[in-house]
Structure formats: C-alpha cells, structure tokens
Amino acid sequence: MSYKYRRFIKPLRVGEAPVDLLPPEKFFWAESKDLEGYPGHFYIGYVTEPRTLHPTNEKLAVKHPYDELLIFAGINTDDILDLGAEISVMIGEEGEEHIIKDPSVVIVPKDVFHGPIKVNKLERPIVHIALCDAPEYKTEFKRRERYEAKGTKYSRLIKKLTTSKTAYEGYLHEGPITIDERGVMDLRAIGPGEAYQIVQMHPEDLEGVNISFSWEFFKTTGVWMSTRLAHVHPEPELLIAIGLDPNNIYNLGASIEFWFGSEREVYVIDKPTVISIPRAWIPHTPVVTQRVDRPFAFMLVCPGRYTRAGYVETGWDV
322 MSYKYRRFIK PLRVGEAPVD LLPPEKFFWA ESKDLEGYPG HFYIGYVTEP
372 RTLHPTNEKL AVKHPYDELL IFAGINTDDI LDLGAEISVM IGEEGEEHII
422 KDPSVVIVPK DVFHGPIKVN KLERPIVHIA LCDAPEYKTE FKRRERYEAK
472 GTKYSRLIKK LTTSKTAYEG YLHEGPITID ERGVMDLRAI GPGEAYQIVQ
522 MHPEDLEGVN ISFSWEFFKT TGVWMSTRLA HVHPEPELLI AIGLDPNNIY
572 NLGASIEFWF GSEREVYVID KPTVISIPRA WIPHTPVVTQ RVDRPFAFML
622 VCPGRYTRAG YVETGWDV
C-alpha cells in the first residue's frame, strides 16, 4: 500500500493557539498550513472550570477580518442538547451581553467586535469550537469602553444548535432516519455505526455565513455508510474526531477505520484526529467503527452548504 493520503490525516495537538485568545491547555488548534491547504482554520477544546476566553483579558474585545462561528456544546452523551453551563458573550462595539444556557452557535460576521466570553457556571465540562472561513488567524484587539447588560441588536446572531431542513432532507435520501422535535437526528438506519445523535447546520440558518458544520455522538460499532463505494462531493471538508473525556484529551475512546481515495487506502484512527479533504471530488469513505470504549464526538465542517455525496467507483485523484 502506498499510503498516498497519509498526509491528509492529522493527529490533533494542543498548542499554537494565541495565549491572549485562549487558555494554553486543552485546546486543539489548526490553520490551513496544517490542513494541506483546506480554506479555513479552527480550534476545538474543553472548558473545565469557569473562566474568561476569546480574549482571555476581560477588558478587551476582538475582531477578525473574516466570518467566524463560535460553538458551545455539551458532553452529556445521553442528550446532545444538554449544555450544563451558563455562558456570557459580549457582541458589538456596544458590548451587548447575551447569556447562553443551551448548546449554541454565536455567529460573528467579519469585523464585528466580540468578546470577552465568560463561562460563569459549569455543571460539567463543555466543548468550545471556533470555525473560521480564512486560512489563518488574524485579530485586532480593542479595550472595551462600553458595556450594555441588555439589548437585542445582535440577538439574531445567537442560534441554538439544531438541524437545518436541507441537512435532514439530504440524509433522508440515504435511509429512514429519525429526527425529534428539537432537530436531533439518529442516522443508524443508514449504517449501524452511524451517529445516534447529530445536529447539522447550514448557511441558511447561520445568517449566511458560508460554513456548514455538524456535532455528532457515536457509541456503536459497524459501518457508517456503503462499503461498496467511495463518495465524493463538490466542496472541501474537514472531519474531526475527538473524545469526550476532558481529563484524557488524547484518548478518543474508540478505533475507527477510514477508507481514502479510489485506491481504497485504509487508515485506523484511535486518537483525536482531523481528516482534511482540501479540495472537491477526492474520494473517501466508508468509515467503520471497529471498537468503542465510550461514546465519542465527531464533526464535519465545509465551506458552503454540505451536500450529501454521490457514491462512485472512482473520482478525481490528488
């Protein structure tokens, strides 16, 4: 086997995050240069105690020359929409404060000042994620002169995690999946190893920010999709697998088999990992969960609206 696609599979590592943006521990950070040219960057990590972040100085605000999604997710594997925390987010020059008590995404348009974020109360650790539609991190800091405890100017930028209609319709073509009244899907009708809880949001529900993402929990072994064919889609993509034990962040809690390319190269993943598919039409999948010690989390991220892929024998190669 040539291992032609090995460079697209990246173990997640703590480090490289700006110390004035994030606490130094428990956050994974990756930019386009780390992702074989994927057109974006991200961080993902765990908040285990009340603290201030993004930025870490509570007297400052930040803005970026790109759009950003700030996601707050829980780790209760019985209920993906249980956050178990209270978070304060400042948005705008005005310092308009918004309180988050449910898993949510904060939409931050280009050049809008935001922060600090204050994690005020924690029943249990949470996962915090930033998804950015530019290759590298850039920021401008500004001292906060104004604070407004109340306001609704930016309310539309706070969205509870749910599933977009186009996302549900895409998966429904694959099998008789289920979705509850909150927008949580169960995809195991597609394959026994698929997500038992998943939400997925597209740009039409993110104020037009050109990013799609999912937040998913897995707990069963088996294939996620067809083993007969690879699939392709017309957008680049990141696939991120992380564990849900903030005290052991380098342990995924599972072993996953990932098939890559029309050559069907097979890679085994048992640590937190990002798989970069940096351009369209690179064949990939199926995914097979070989072993599960405890439930784990997974994300897909892509520019634009995620399109449920076509299944093919071959596709454009690297």
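If you're matching positions, the sequence shown starts at 322 in our numbering and goes up one per residue.
Glycine included, each C-beta is placed from N, C-alpha and C at the ideal position.
Nearest neighbour of residue i, chosen from the options [CA to CA]
| i | options | result |
| --- | --- | --- |
| residue 356 | 430, 560, 581, 401 | 560 |
| residue 563 | 557, 573, 363 | 573 |
| residue 546 | 363, 631, 392, 337 | 631 |
| residue 472 | 502, 410, 577, 551 | 410 |
| residue 433 | 387, 525, 555, 513 | 387 |
| residue 543 | 515, 556, 534 | 515 |
| residue 558 | 541, 629, 526, 503 | 629 |
| residue 466 | 380, 566, 446 | 380 |
| residue 566 | 446, 605, 604 | 446 |
| residue 461 | 420, 519, 341, 508 | 341 |
| residue 422 | 481, 375, 389 | 481 |
| residue 507 | 589, 523, 540, 525 | 540 |
| residue 555 | 330, 601, 521, 587 | 601 |
| residue 524 | 456, 389, 362, 420 | 389 |
| residue 435 | 577, 403, 479, 375 | 375 |
Buried versus exposed, by CB contacts within 10 Å (16 or more), residue i
| i | result |
| --- | --- |
| residue 327 | exposed |
| residue 370 | exposed |
| residue 367 | buried |
| residue 383 | buried |
| residue 635 | Low per-residue confidence applies at residue 635: pLDDT is 45, beneath 50, and the placement is therefore not dependable enough to give any value. |
| residue 499 | exposed |
| residue 364 | buried |
| residue 431 | exposed |
| residue 637 | With a pLDDT of only 40 at residue 637, under the threshold of 50, the placement of this residue in the model should not be trusted; the figure read from the coordinates follows. When all chains shown are included, residue 637 counts as exposed. |
| residue 442 | exposed |
| residue 609 | buried |
| residue 513 | exposed |
| residue 614 | exposed |
| residue 362 | buried |
| residue 420 | exposed |
Between the CA atoms of residue j and residue i - distance to the nearest angstrom
| i | j | result |
| --- | --- | --- |
| residue 428 | residue 579 | 31 Å |
| residue 373 | residue 548 | 45 Å |
| residue 591 | residue 616 | 13 Å |
| residue 463 | residue 475 | 19 Å |
| residue 337 | residue 350 | 6 Å |
| residue 265 | residue 597 | Summary: the structure shown does not reach residue 265, with the chain confined to residues 322 through 639, and so no result is reported for it. |
| residue 611 | residue 619 | 15 Å |
| residue 626 | residue 485 | 10 Å |
| residue 639 | residue 393 | Low confidence applies to residue 639: its pLDDT is 39, below 50, so where it sits in the model is not reliable enough to give any reading. |
| residue 353 | residue 599 | 9 Å |
| residue 584 | residue 510 | 27 Å |
| residue 477 | residue 483 | 15 Å |
| residue 496 | residue 339 | 43 Å |
| residue 570 | residue 358 | 26 Å |
| residue 385 | residue 458 | 8 Å |
| residue 488 | residue 624 | 14 Å |
| residue 517 | residue 575 | 15 Å |
| residue 534 | residue 568 | 25 Å |
| residue 604 | residue 468 | 50 Å |
| residue 607 | residue 456 | 28 Å |
| residue 588 | residue 581 | 8 Å |
| residue 479 | residue 521 | 16 Å |
| residue 645 | residue 403 | Nothing can be reported for residue 645: it is not among the residues displayed for the chain, which extend from 322 to 639. |
| residue 586 | residue 526 | 36 Å |
| residue 577 | residue 493 | 24 Å |
Beta-carbon separation (whole angstroms), residue i vs residue j, contact threshold 8 Å
| i | j | result |
| --- | --- | --- |
| residue 401 | residue 505 | 6 Å |
| residue 344 | residue 377 | 7 Å |
| residue 408 | residue 448 | Not really, about 12 Å apart at Cβ, beyond 8 Å. |
| residue 405 | residue 444 | 4 Å |
| residue 594 | residue 332 | 6 Å |
| residue 551 | residue 633 | 6 Å |
| residue 424 | residue 395 | 6 Å |
| residue 391 | residue 426 | 7 Å |
| residue 537 | residue 519 | 4 Å |
beta-carbon residue i near the ligand ADP non-hydrogen atom, thresh 7 Å
| i | result |
| --- | --- |
| residue 530 | For the ligand ADP, the structure offers nothing, since it holds no ligand at all. |
**Request:** Decide yes or no for the touch test of the stretch 444-464 against the stretch 528-538: beta carbon pairs closer than 8 Å, at least 3 of them.
**Result:** Output reads yes: the stretch 528-538 touches the stretch 444-464.
**Request:** Decide if the stretch 408-416 is in contact with the stretch 340-354; the criterion is three or more beta carbon pairs, one per stretch, under 8 Å apart.
**Result:** Segments in contact, no.
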